[in-house]
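Colleague: These protein sequence lines are chains A and B, in that order.
So the first sequence is residues -12 to 322, counted in the working numbering.
So the second sequence is residues 891 to 1149, counted in the working numbering.
Ideal placement from N, C-alpha and C gives every residue a C-beta, glycine not left out.
Fair warning: this is a prediction, and the values are worked out from it, not measured in the lab.
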Amino acid sequence: MSSAPISNAPAAGIGLPRGQQRLTGLGSAVATIALLALLAAPLAVYPVFLMKILCFALFATAFNLLLGYVGLLSFGHAAFFGGAAYFTAHAAKVWGFEPLLAVLFGAAGAAAIGLVIGFLAIRRQGIYFAMVTLALSQMVFFVFLQAPFTHGEDGIQNVPRGRLLGLFDLSDTLTMYYFVLAVFVFGFFAAWRIVHSPFGHVLQAIRENENRAVSLGYRVERYKLGAFVMSAFIAGLAGGTKALVFQIATLTDVAWQMSGEVILMTLLGGLGTILGPSVGAGLVVTLQNYLAASGLPVTVVIGVIFVLCVLVFRRGLVGEAIHLLRRRAQGLPRR
Amino acid sequence: MQAAPMPVASTEPILSARGLTKEFFGFKAVNGVDLDVYSGTIHALIGPNGAGKTTVFNLLTKFLSPTAGTIRFDGRDITRTKPADVARLGLVRSFQISAVFAQLTVLDNVRVALQRQSGLATQFWRSNAVLSRLDARAAELIEAVGLSSFSETLAGDLPYGRKRALEIATTLALDPPVMLFDEPMAGMGVEDIGRISALIRKVAAGRTVLMVEHNLNVVSDLCDRVTVLARGEILADGDYAAVSADPRVREAYMGSEHA
Ligand SMILES: Nc1ncnc2c1ncn2[C@@H]1O[C@H](COP(=O)(O)OP(=O)(O)O)[C@@H](O)[C@H]1O
Ligand SMILES: [Mg+2]
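1. Is THR945/B close to ligand 1? I mean its beta-carbon at under 7 Å from any heavy atom of the ligand.
2. Quick check for students: name the residue ranges of the alpha helix (DSSP H) that lie wholly in the stretch 963 to 995 of chain B, counting only runs of 4 or more.
3. Using a cut-off of 8 Å between C-beta atoms, extract the partners of PHE186/A located in chain B.
4. Grouping DSSP H, G and I as helix and E and B as strand, with all else coil, what is ALA334/A?
5. Let me know the secondary structure DSSP gives VAL1133/B once reduced to three states.
6. What's the C-alpha gap between ARG314/A and LEU1048/B?
7. Could you tell me which uninterrupted alpha helix (DSSP H) segments, each at least 4 residues in length, are contained entirely in the stretch 216 to 289 of chain A, listed from first to last along the chain?
8. So for HIS933/B, helix, strand or coil by DSSP?
9. Would you kindly check if the distance between the Cβ of PHE1014/B and the Cβ of ILE235/A is under 8 Å?
10. For VAL1118/B, is the beta carbon positioned less than 7 Å from some heavy atom of ligand 2?
11. Using CA atoms only, rank isn't needed, just tell me which of ALA122/A, VAL294/A, LEU37/A is closest to HIS64/A.
12. Nearest to THR945/B by CA position, among LEU1056/B, ASN999/B, VAL1133/B, LYS918/B, is which residue?
13. Looking at VAL207/A: is its Cβ nearer than 8 Å to the Cβ of ALA200/A?
14. Can you pull the chain B residues whose beta carbon is under 8 Å from the beta carbon of HIS183/A, in chain order?
15. Does the beta carbon of ALA899/B sit closer than 8 Å to a beta carbon anywhere in chain A?
16. Go through its chain and collect everything with a Cβ distance to ALA(-4)/A's Cβ below 7 Å, but skip five positions before and after it.
17. Is PHE186/A near ligand 1, in the sense that its beta carbon is under 7 Å from a heavy atom of that ligand?
18. In chain order, what residues of the same chain have a beta carbon less than 6 Å from the beta carbon of GLU902/B, not counting five sequence neighbours either side?
19. Specify, as a first and last residue, the run of the beta strand (DSSP E) that MET1069/B falls within.
20. Between GLY204/A and chain B, is any beta-carbon pair separated by less than 8 Å?
21. Locate the alpha helix (DSSP H) running through ASP1025/B, then write down its first and last residues.
22. Please report whether the beta-carbon of ASN196/A lies at a distance below 8 Å from any beta-carbon of chain B.
23. Taking the beta strand (DSSP E) that GLU1103/B falls in, what are its first and last residues?
24. With DSSP collapsed to three states, give me the class of GLY922/B.
25. So ARG983/B contacts chain A; which residues on that side make the cut at Cβ distance below 8 Å?
26. Between the Cα of LEU1100/B and the Cα atoms of ARG1115/B, LEU1089/B, SER1110/B, which residue gives the shortest distance?
27. What are the complete alpha helix (DSSP H) segments, minimum 4 residues, inside the stretch 27 to 66 of chain A?
28. When the distance is taken between beta carbons, is VAL305/A closer than 8 Å to ALA47/A?
29. Which residue marks the beginning of the alpha helix (DSSP H) containing ILE1058/B, and which one marks its end?
30. Could you round the C-beta distance between ASP967/B and GLY980/B to whole angstroms and report it? I think they count as a contact, below 8 Å.
31. Quick check on THR162/A: does DSSP put it in helix, strand or coil?
32. Can you find a C-beta in chain B that's less than 8 Å from the C-beta of ARG301/A?
Right under this line is the structure:
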C-alpha cells in the first residue's frame, strides 16, 4: 500500500492547522530574525524607502486578513488607506494632534468608513462583493475630491510629523523610522492575533462551510463585518502612518489603482500566509523604485511580473515556500 | 380547580408547518404541506427522490423562505426568522451533503460548534489557546459518536460515514431540543448504518428528531411516526404500520422497494 493520504492541498495556500503547528518553530525564528533585521536595516538602507515598504506591508497585511482568512475580495481598500491618510494629515496639521493620536484618529476614521461600506457590501457574494466595494470606494474618492479640507488635486501638504508623545521629535528620520516600525509591528501582530484567536477560528469555519456555520447558529454577516472593520482599521494605521512619513495626503492614496496595487502585493507574496503580503509589498515597492529611475513603463513591467508569478508560483512567493517546506516535512520522515 | 401546568409537549407539536409551499420558477417543489412534529418523538420524512424533502428541511430551518405558509417552533412563529436565529432557538439541522469544516481537525470542528454558547466566538484579542477549555466537552461528544481515534484527523480526510458521525457530534454540541437529519445514512455500508442508527437512537433520548431516510428498515426500527411526501404534497402520515399499509403509499413509494 502507498503511504498515508496527503492532506488536502488548500485551494489558495490558506491557513492549515496541522502544517502550521509544525511550522510554528520556524515561524518564530523567522519573526525574530526579521525583527532584528528591521531594527538594523536603516544602517544599510535609505530609511524613507524602508518606511514606505513598512506602510505598504501593513496595508497588504490588512487586506490579506480579509481575502486570505475570510475569503472576501475587497476592491475598495484604498478608501481606508487613503481616507486614513487624509484624516491623520488633517488632524496633525490643522488640529495639531500628537502623531500617535493622529494616526489612531485616521485608523478610527478608516474603520468608520469600513463599517458603512462593509454593512452595505457584506450580503453580496463573490464578485458582487468586490464590485460593491469598488463602487462605494469610488464614492469615497469623490467625497475626498470635493470635500474642502482635502484641498482637491493639491492634497494636504506640509503635514508636520510632530513630537511623539510630546517627547520624540519625528522630524528626525531615524526616530520616525522606529515609530513606523512600531506601528507596523503592532498592526502586524494585531492581524496575526485576530487570525489565531477564537474569533479567527470561527472565521475559518465560515470560510470552509458557510452554511454549516449558519446552521450552528453563527450570524455570519456579523463576523464578516467585524473582520471587515478590523481590516479597515489596520489599513488605516498604514495609511495614516504613510501620511506622516511623506508629510502629504493626496488623491493617489484613495484612488482605485491603490486598491488594485494591494491585491497585487498580496497575491504576489502569498495569499493567506502571514508573511506573504509583506514580502509582496517589499517586492512591488522595490521594483517601483528601480523602475521609476530606469524610465521603463512601471505599470506594464509590474503587470508582466505579476502575470508570470501567478502562472509559475500560484501560491505566491511565501505560499510556495511554505508549501515546499510542508511537503518535505511530510515526505522525509516517512521514507 | 386550577389546572396543573400541563406537559404541553404531548398535545402541542413542538414544530409545525401549515400550508407550507415553495415555488421555484413556477414549479411547486413543496405544495401546501401541513406537518406536525411532536416533542420526544423520532419522526421520519420519506418519499421518492425529488419529492421535496430537502426543500421542506430548508424551509423549516429558514435556509429557504416559503412562498406561502407558516412555521411554528416551540410556541413561536418562525416563518420570518433568519436561519442562524432558528438554530439559536434550538432547531438545528444537518445537511444531505455532509457538511464538515474540511480543513479543520475533528476536534476543531466540534470546538467551533461549542464556541458560540461558551462565549468564546467573538474574542478576537485572545489567543485561540483558550479554546482548549472546550476540549473536555468536545472529547465527550467525539467519544459519543465513536471518533475518539480520529480527533486530530482533518475532517476532510475522514471516510464518508465518519463525516456523518462528526456532523452529528457538532449538531449535538449545541444541545438542541430538536434535530433535523437529512439522509444521515445515505450511501453507507451496513455496518455504518447500524452504528449511526444506534447513535441517533441514543442522542434522541430527551430530544425530538425529524429525519429524512430512505432505508425503510431503519425507519420502521427507529421512528415513532412517518410522513410520506410525494411531488411536494403529503401522501400519508401516521405510525409506520398504518402508513405502510396505505395503498397509495405502496403505489407511490414502497411498492417499488418492498418486493
Ligand atoms: N434551489 C432550487 N431551485 C430550483 N429547483 C429546486 C431547488 N431545490 C430543489 N428544487 C427542485 O425541487 C424538487 C424537490 O427537491 P428536493 O427537495 O431536493 O427533493 P428530495 O430531497 O425529496 O429528493 C426537485 O424537483 C428539485 O429539482
Ligand atoms: Mg433530498
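Modeller: For this structure:
1. Short note on THR945/B: C-beta closer than 7 Å to some heavy atom of ligand 1.
2. The stretch 963 to 995 of chain B contains, as complete alpha helix (DSSP H) runs of 4+ residues, the segments 973 to 979 (chain order).
3. Neighbours of PHE186/A on chain B, chain order: ALA1011, THR1012, GLN1013, PHE1014.
4. Here chain A has residues from -12 to 322 only, and residue 334/A is not among them.
5. When secondary structure is reduced to three states using DSSP, VAL1133/B falls in the helix class.
6. Rounded to whole angstroms, the gap between the alpha carbons of ARG314/A and LEU1048/B is 21 Å.
7. The qualifying runs are 243 to 256, 263 to 281.
8. DSSP places HIS933/B in strand when its eight states are reduced to three.
9. No, Cβ-Cβ distance for ILE235/A and PHE1014/B is not below 8 Å.
10. No - ligand 2 has no heavy atom lying nearer than 7 Å to the Cβ of VAL1118/B.
11. Selected option, being the one with the closest Cα: ALA122/A.
12. It is LYS918/B.
13. Yes, Cβ-Cβ distance for VAL207/A and ALA200/A is below 8 Å.
14. Result: SER1017, ASN1018.
15. Below a pLDDT of 50, predicted positions are generally treated as unreliable, and ALA899/B, at 44, falls in that range; the measurement from the model is reported next regardless. Cβ-Cβ to chain A under 8 Å: no for ALA899/B.
16. Only weak support is given to the placement of ALA(-4)/A: the predicted model assigns it a pLDDT of 36, under 50, and the value that follows is read from those uncertain coordinates. Closer than 7 Å at Cβ, skipping near neighbours: no residue.
17. Answer for PHE186/A: no, Cβ out of range of ligand 1.
18. There are no such residues.
19. Where MET1069/B is concerned, the enclosing beta strand (DSSP E) stretches over 1068 to 1072.
20. Yes - at least one Cβ of chain B is within 8 Å of the one on GLY204/A.
21. Membership of ASP1025/B in the alpha helix (DSSP H) is indicated by the continuous run 1025 to 1034.
22. So yes, ASN196/A belongs to the interface.
23. For GLU1103/B, no beta strand (DSSP E) encloses it, and the DSSP letter there is neither H nor E.
24. In the three-state reduction of the DSSP assignment, GLY922/B falls in the strand class.
25. Those are SER202, listed as they occur along chain A.
26. Of the candidates ARG1115/B, LEU1089/B, SER1110/B, the residue whose Cα lies closest to the Cα of LEU1100/B is ARG1115/B.
27. Segments of the alpha helix (DSSP H) lying fully in the stretch 27 to 66 of chain A: 34 to 54.
28. Result no, Cβ atoms of ALA47/A and VAL305/A do not sit closer than 8 Å.
29. That run of the alpha helix (DSSP H) goes 1050 to 1063.
30. Their Cβ separation, rounded to whole angstroms, is 15 Å, which puts ASP967/B and GLY980/B out of contact at 8 Å.
31. It is helical.
32. Not one chain B Cβ lies under 8 Å of ARG301/A.
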